[in-house]
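There are 2 protein chains.
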Amino acid sequence: MAVGLKPLGTLYPVPGFELGVASAGIKKVGRRDLVVMRCAPGSTVAGVFTQNAFCAAPVLLAKQRMQQPVQYLVTNTGNANAATGEPGLAAANAVCQALASQVGCSLEQVLPFSTGVIGEPLPVDKIEQALPAAIADLTEDNWALAAEGILTTDTLPKGASLQVEHEGVTLTVTGISKGAGMIRPNMATMLGYIATDAKIAQPILQNMLLDATNQSFNRITIDGDTSTNDSCILVATGQAAMPTLEKAEGTLYHKLREAIFSVAKQLAQAIVRDGEGATKFVTVQVNGGATAQESLDVAYAVAHSPLIKTALFASDPNWGRIVAAIGYAGLANLDTSLVQVYLGEVQIVQDGGRAASYLEEQGAAVMQQAEIDIRIELGRGSCDETIWTTDLSHEYVRINAEYRS
Amino acid sequence: MAVGLKPLGTLYPVPGFELGVASAGIKKVGRRDLVVMRCAPGSTVAGVFTQNAFCAAPVLLAKQRMQQPVQYLVTNTGNANAATGEPGLAAANAVCQALASQVGCSLEQVLPFSTGVIGEPLPVDKIEQALPAAIADLTEDNWALAAEGILTTDTLPKGASLQVEHEGVTLTVTGISKGAGMIRPNMATMLGYIATDAKIAQPILQNMLLDATNQSFNRITIDGDTSTNDSCILVATGQAAMPTLEKAEGTLYHKLREAIFSVAKQLAQAIVRDGEGATKFVTVQVNGGATAQESLDVAYAVAHSPLIKTALFASDPNWGRIVAAIGYAGLANLDTSLVQVYLGEVQIVQDGGRAASYLEEQGAAVMQQAEIDIRIELGRGSCDETIWTTDLSHEYVRINAEYRS
């Protein structure tokens, strides 16, 4: 039921970044559920991770290891290795050690990632047995298969790729992501991997990733549930013929930043488009807040309201539910007479009440579309924010009522 | 689909408080949708109202008029008269004025209440035409019919009543409520009316109502949507043979306070039991918070999570979703190794991980029940909080996708 999510387009290989995929049979026999990624020596790596206090064992380990050079990433699906305590940490380390031994690096140079059911022991044996196949499969030309290999309840693989030219050198930025449920800001994708062959100093790379996620993965919500396993990794292999980018300035910096933003945004939106049970892709734009936070508060109140989400599912322009959500978003001294609301190009609320010009048929026509823009003008300041979300359908309930059975 | 909500029991009349019901045909012809209530002269009246910034015209007027003696309450269903601006205020006043003229009181002695669809003009004519029938129907013995007359998407009327003896005098506390969707704290019932024949000074009465709602209506959530029209009114007619209660102390004060708490709690729980599409009645108890607010933050994170709500619907003891919600509730420096979680009497999480003794069948057996207790021990302090909520079912989506059609 993905909304406007196209099959994977071209995913350009990134020199110095290889991917290998295998089946460990963690949840289903034969399913591709193990992905190994290799970063060429000299790569810089940036990461952002979930802020959930119950963050998973692999997240704890990956965060610690960001300080030293990273050589390998290993990802399994079907089991989140979260809320598993000390045995969970030991299991994640056992996987990293098995990989390190086979490829000849140190344990600390491997970052682990897991996604799937929370609270069950990680089947380390199955993963260890499948590692040789994943390692043997490592190649730069394997993004599409890896995009499949990291999926759980997703219905389609998610990838984005683009190239920029700079002084005669072609630079590539390619990424993949997964996630369809337990999606909400604070590192909202369950997993995202982006690589470039540019040479970028680690502090610059980390800031680029933070900025990019704040405008992409941290601006999406499906069900308001922040996962225990969210992680997004940005790798710069430095294989391109260019000097190392050491400062956050200049044409090259801005070109790369734009490219990384664009890939992150496409990957984040792909997650929403493939949201569990989604029949609508909804952009909620809140303009004119006194602070960015209050614009976000209103946007998330709208995006999380089950009443609005079911109205979106029903294609019902029930704008009363939108003003109710604006009203309870917690803004101090909100002057409702300054509030304007638009559905697409149609103004439905004018100065806090029903727009004089508004006809129900106009709203209904917008709501029939698969992609819907809700724009709210608060009239309190100059802070604008945009987030993306889905509707709440019967299919969402079915998927989540049946997930473990 | 109400969960454990019994047919109305005995609702004792409250001397000095009369109710009259009529059909104005606001949304459906023939449906009882207009209720007038009369408070005997000398009554004291307390009220709490929604904190939604888009609060409805009747809420704005009722709040203003709490300062003077109240004689009448007039309630319509089928139209919320919210987000209707100046015309909405004029419409609510027109209804109050029509009632005041017919009964011979002043406009300011009438409190208006509305519930139903947001953003549509109130059909004043229809209401005015039905007022004489409602006035003619006024009697102390009409609580059950009034409980029906205030419903919207509710499937059953909601009432609670009890009597206490004090020094040979019988005192009565009776109340009714309505609400099944757009239910969340900050005055969570859409409408609640409680009356007693005790003599209680207004400041004492207002504090009793605040305390009672904070432990009842403000501790329930169905969908996390705070309504524009929530109001709860407590009337003390003073008809009982007793001196006026002027201080918040003494046996009588505590007896009355207990009685009012008990009625408010029953009415609030009745709203949850009749929650839209509810198949489960869920008590979320969070103990050991450092502050009341952090216990509430955890409780609401659990109660609002669509993933937990769908697991409850599916009777799936998916405890990983519970720890994920605890983890994202925003508690600073949460030591997850101190967290314990119980489903009914079964410990599912011990010291932050799966309880060693836990068997899936035990959790499944609890989840099969219609009434489920989730107890979370945070181990950070001594603040305990309890809230009540429902699951998220196919029926919830159906009701809210079809509400206006």
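Quick note, the sequences are listed as chains Z and E, same order. Under the numbering used here, residues 11 to 415 are what the first sequence spells out, in order. Under the numbering used here, residues 11 to 415 are what the second sequence spells out, in order. Glycine residues also receive a C-beta, built at the ideal position from the N, C-alpha and C atoms. Nothing here was measured: the structure is a model prediction, and the numbers come from that model.
Check                                                                                                                                                                            : Outcome
For Asp233 of chain E, decide whether its Cβ has a neighbour in chain Z, counting only Cβ atoms nearer than 8 angstroms.                                                         : yes
Does DSSP put Arg41 of chain Z in a helix, in a strand, or in coil?                                                                                                              : coil
Note down, one range per segment and in chain order, each beta strand (DSSP E) of at least 3 residues found wholly within the region 223 to 287 of chain E.                      : 241 to 246
I'd like the list of long-range same chain contacts for Gln360 of chain Z, defined as Cβ closer than 7 angstroms, with 5 residues on each side in sequence excluded.             : Gln350, Ala366
Short of 8 angstroms in beta carbon distance, which residues of its chain neighbour Trp329 of chain Z, apart from the five on each side in sequence? Order them along the chain. : Val351, Leu353, Ile358, Val359, Arg364, Gly373
Could you say which of Z:Ile232, Z:Ala309, Z:Met47 lies nearest to Gly30 of chain Z if we only look at CA atoms?                                                                 : Z:Met47
So which residues of chain E does Gly337 of chain Z contact, with C-beta pairs closer than 8 angstroms?                                                                          : Asn62, Ala63, Phe64, Cys65, Thr236, Thr238
Using a Cβ cut-off of 8 angstroms (strictly closer), state whether Trp329 of chain Z contacts chain E.                                                                           : yes
Measure the C-alpha to C-alpha separation of Lys73 of chain Z and Phe59 of chain Z and round it to an integer number of angstroms.                                               : 7 angstroms
Tell me the DSSP bridge mates of Leu353 of chain E?                                                                                                                              : E:Val356, E:Ile384
Against chain E, does Ala334 of chain Z count as a neighbour if the rule is that its beta carbon must be under 8 angstroms from one of theirs?                                   : yes
Against chain E, with Cβ distances strictly below 8 angstroms, would Asp402 of chain Z count as a contact?                                                                       : Here the sequence assigns Leu to residue 402 of chain Z, which means Asp is not the residue at that position. It does; some Cβ of chain E falls within 8 angstroms.
Along chain E, in chain order, which residues have C-beta atoms closer than 9 angstroms to that of Arg4 of chain Z?                                                              : Residue 4 of chain Z cannot be examined here, being either before or after the span of chain Z that is shown, 11 to 415.
If I'm right that Leu166 of chain Z touches Ala12 of chain Z with Cβ under 8 angstroms, what's the distance once you round it to whole angstroms?                                : 5 angstroms
Taking Leu306 of chain E as part of the alpha helix (DSSP H), name the residues at either end of that continuous run.                                                            : 302 to 314
Skipping 5 residues on each side, what residues in its chain have a beta carbon closer than 6 angstroms to that of Val385 of chain E?                                            : It should be noted that the sequence gives Arg, not Val, for residue 385 of chain E. Counting only Cβ-Cβ distances below 6 angstroms, and skipping sequence neighbours, we find Gln295, Tyr352.
Any Cβ of chain Z within less than 8 angstroms of the Cβ of Ala324 of chain E?                                                                                                   : yes
Within 8 angstroms of any Cβ in chain Z, is that where the Cβ of Ala321 of chain E sits?                                                                                         : yes
Examine chain E for any beta-carbon lying closer than 8 angstroms to the beta-carbon of Met197 of chain Z, and answer yes or no.                                                 : Because the pLDDT at Met197 of chain Z is just 45, under 50, the model does not fix this residue reliably, and the value given afterwards should be weighed accordingly. Chain E contact via Cβ: absent.
Do Leu344 of chain E and Ala63 of chain Z have their C-beta atoms closer together than 8 angstroms?                                                                              : yes
Check whether the Cβ of Leu369 of chain E lies closer than 8 angstroms to any Cβ atom in chain Z.                                                                                : no
Kindly indicate if chain Z contains any beta-carbon less than 8 angstroms away from that of Thr180 of chain E.                                                                   : no
Quick check: the region 306 to 321 of chain Z against the region 36 to 45 of chain E, are at least 3 beta-carbon pairs closer than 8 angstroms?                                  : no
Are three or more beta carbon pairs between the region 93 to 109 of chain E and the region 173 to 186 of chain E nearer than 8 angstroms?                                        : no
Indicate whether at least one CB of chain Z lies closer than 8 angstroms to the CB of Thr346 of chain E.                                                                         : yes
Tell me the DSSP bridge mates of Ile204 of chain E?                                                                                                                              : E:Gly185, E:Leu244
Under 7 angstroms between beta-carbons, which chain Z residues line up against His176 of chain E? List them in chain order, please.                                              : Here the premise fails: no neighbours, minimum Cβ distance about 40 angstroms.
What's the C-alpha gap between Asp240 of chain Z and Ile232 of chain Z?                                                                                                          : 14 angstroms
Looking at the C-beta of Leu341 of chain Z, does it have a partner C-beta in chain E at a distance below 8 angstroms?                                                            : yes
Which bits of chain Z does Val407 of chain E rub up against, with CB to CB less than 8 angstroms?                                                                                : Thr320, Phe323, Leu402, Ser403, His404, Tyr406, Val407
Would you mind telling me which residues of chain E sit closer than 9 angstroms to His264 of chain Z, beta carbon to beta carbon, in chain order?                                : Per Cβ cutoff of 9 angstroms: no residues; His264 of chain Z is ~34 angstroms from chain E at best.
Starting from Ser124 of chain Z, follow its DSSP beta bridges and name the residues at the other end.                                                                            : Z:Asn86
Give the straight-line distance between the Cα atoms of Pro68 of chain Z and Phe323 of chain Z, rounded to the nearest whole angstrom.                                           : 36 angstroms
If the criterion is Cβ atoms closer than 8 angstroms, does the pair Gln61 of chain Z and Val120 of chain Z meet it?                                                              : no
According to DSSP, is Phe323 of chain E helix, strand or coil?                                                                                                                   : helix
Is Pro23 of chain E helix, strand or coil when you go by DSSP?                                                                                                                   : coil
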